[in-house]
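*Asks:* Each residue of the sequence shown is one higher than the one before, counting from 1 in full-length UniProt numbering.
We put the beta carbon where it would ideally sit given N, CA and C, even for glycine.
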Amino acid sequence: MEVQAEMEPSSSISLISAVSYGIASMAMVFINKAVIMQYPHSMTVLTLQQLATSLLIHFGRRMGYTRAKGIDMATAKKLLPVSIFYNANVAFALASLKGVNIPMYIAIKRLTPLAVLIAGYLFGKGKPTTQVALSVLLTAAGCVIAALGDFSFDLFGYGLALTSVFFQTMYLVLVEKSGAEEGLSSIEIMFYNSFLSLPFLSFLIIVTGEFPNSISLLLAKCSYLPFLVILILSLVMGIVLNFTMFLCTIVNSALTTTIVGVLKGVGSTTLGFVLLGGVEVHALNVSGLVVNTAGGVWYSYAKYRQKKAKPAKLLSDLEAHKK
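Written as structure tokens, this is what we have:
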């Protein structure tokens with residue numbers, strides 16, 4: 001996959017990368033929620049995920065299983081903003097899961113396309129089409145309606161989730177730019193991201209007071225087999241999610257990655273009502289989630305039509321990834 005990502009991506013590679021990211025992203029929401037429900041130290045969980053990723057790629061490179069290059073300080077400096085925004089996104093997302101149920105969390109994260117469109121406009125990509133603009137507004141309206149009917153409303157949790165949307169937008173835009181301009185594969189970007197994250201995250205878990213209590217609690221929790229299984233699954237899925245996300249963004253685009261995120265949210269929202277608990281069903285809440293989902297699907301369709309109508313732009317994007 002790594003070698004193919006460095007060449008012109010075929011339609012099958014583009015599809016596989018998008019579907020893989022969607023499945024991994026949906027699974028990760030539930031796995032993280034399950035971990036956080038039993039172990040509240042989200043920053044420590046994120047640090048462990050990044051450490052596992054770094055070690056896996058490092059030893060894989062040393063043993064010849066991947067062609068990823070070693071750390072280059074010039075490239076590391078350029079990718080430092082990607083790492084900062086990525087970890088800020090995941091940190092705020094994990095923290096928000098403590099107070100926000102999964103359906104509402106997904107509804108809030110579905111606002112990412114709105115943020116991507118705004119960022120694109122600010123960076124000179126022009127105004128969105130009427131259908132795209134209306135679908136994004138419908139998505140936002142659904143999120144507001146659902147929030148009004150959310151009996152478990154947590155203002156702090158909502159604020160954390162919205163902040164996560166901002167950081168997710170920034171790192172997706174930067175990943176797409178880095179993959180095109182630096183010619184880096186998804187594994188190389190993932191390696192740089194996890195390596196650069198460790199000092200930053202280590203500092204945060206000390207400043208926030210998680211360390212050393214988080215370590216002692218983790219050791220105590222690991223004696224409980226079901227939690228240990230979920231924690232290991234979280235670490236493995238963290239690696240899978242990072243790889244598929246970076247691959248999808250490089251092979252396709254930042255916008256495609258957000259569209260996949262919107263579509264996987266349909267299944268996650270449905271499952272969120274029946275798994276892990278924490279959801280009080282209310283007509284206003286359900287109606288808002290339906291409107292939010294409809295806006296997300298409409299947005300995906302509008303972007304698909306827009307992309308089909310501009311084959312020349314697609315070709316230029318592919319050429320950019322080849323350089």
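(1) Compute the distance between the beta-carbons of Ser202 and Thr75, then report whether it is under 8 Å.
(2) With Ile108 and Ala161 assumed to form a contact (beta carbons below 8 Å), what rounded beta-carbon distance in angstroms separates them?
(3) Alpha carbon to alpha carbon, what distance is there between Leu219 and Glu210?
(4) Helix, strand or coil, according to DSSP, for Thr66 in the structure here?
(5) Please go through the same chain and pick out, in chain order, the residues whose beta-carbon is closer than 8 Å to the beta-carbon of Leu276, but skip the five residues on each side of it.
(6) Does the Cβ of Ser12 have 16 or more other Cβ atoms within 10 Å, making it buried, or fewer, making it exposed?
(7) Select from Leu172, Leu231 and Ser216 the residue whose C-alpha is nearest the C-alpha of Met190.
(8) So Leu198 packs on Ser54, CB below 8 Å; how close in whole Å?
(9) On the premise that Phe243 lies in contact with residue 324, defined as a C-beta separation below 8 Å, what is that separation, rounded to the nearest angstrom?
(10) For Phe195, which of Tyr224, Thr257, Ile57 and Val286 has the nearest alpha-carbon?
(11) CB-CB under 7 Å to Met170, same chain, minus the five flanking residues each way: which ones, in chain order?
(12) Considering only the alpha carbon of each residue, which of Trp298, Gly296 and Asn292 lies closest to Val144?
(13) Does Tyr121 pass the burial test, meaning 16 or more other C-beta atoms within 10 Å, or should it be called exposed?
(14) Distance, Cα to Cα, Gln4 vs Ile250?
(15) Report yes if the C-beta distance between Ser83 and Asn193 is below 8 Å; otherwise report no.
(16) When the distance is taken between beta carbons, is Ser25 closer than 8 Å to Leu241?
(17) Using the Cα positions of Leu247 and Ala140, report the straight-line distance between them to the nearest angstrom.
(18) Compare the C-alpha of Val175 against each of Gln306, Cys222 and Leu80 and name the closest.
(19) Out of Ser300, Met237, Gln306 and Gly295, state which residue places its alpha-carbon closest to the alpha-carbon of Ile23.
(20) Give the range of the alpha helix (DSSP H) segment to which Glu188 is assigned.
(21) Going by C-alpha distance, which of Ala95, Ala93, Ser300 and Ala283 is nearest Leu148?
(22) How is the alpha helix (DSSP H) around Pro103 delimited, first residue to last?
(23) Please name the residue in Met245, Gln306 and Thr257 whose C-alpha comes closest to that of Thr112.
(24) Which word fits Leu225, buried or exposed, when buried means at least 16 other C-beta atoms lie within 10 angstroms of its C-beta?
*Replies:* With the given structure in hand:
(1) no
(2) Correct: roughly 4 Å between the Cβ atoms.
(3) 14 Å
(4) coil
(5) In this predicted model, Leu276 has a pLDDT of only 49, less than 50, meaning its place in the structure is not dependable; the value taken from the coordinates is given anyway. Excluding residues within five positions, the ones whose Cβ falls inside 8 Å are Phe30, Lys33, Ala34, Met37 and Ile102.
(6) exposed
(7) Per the C-alpha coordinates, the member of Leu172, Leu231 and Ser216 positioned closest to Met190 is Leu172.
(8) Sure, about 7 Å apart at Cβ, within 8 Å.
(9) Absent from the structure is residue 324, since the part of the chain shown begins at 1 and ends at 323.
(10) Closest by C-alpha distance to Phe195, out of Tyr224, Thr257, Ile57 and Val286, is Ile57.
(11) Phe85
(12) Asn292
(13) Residue burial is scored here from C-beta neighbours: Tyr121 has fewer than 16 other C-beta atoms within 10 angstroms and is therefore classed as exposed.
(14) Note that Gln4 scores 41 on pLDDT, short of 50, meaning its location in the model is unreliable; the coordinates nonetheless yield the value given after this. Distance between the alpha carbons of Gln4 and Ile250 is about 11 Å.
(15) yes
(16) In this structure, Ser25 lies closer than 8 Å to Leu241 by Cβ.
(17) 28 Å
(18) If you compare the alpha carbons of Gln306, Cys222 and Leu80 with that of Val175, the shortest gap goes to Leu80.
(19) Looking only at Ser300, Met237, Gln306 and Gly295, the smallest Cα-Cα distance to Ile23 is reached by Met237.
(20) Unbroken alpha helix (DSSP H) run through Glu188: Ser186 to Val207.
(21) Relative to the Cα of Leu148, the nearest Cα in the group Ala95, Ala93, Ser300 and Ala283 belongs to Ala283.
(22) Ile102 to Lys109
(23) Thr257
(24) By the Cβ-count criterion, Leu225 is exposed, with fewer than 16 other Cβ atoms from all chains shown falling within 10 Å of its own Cβ.
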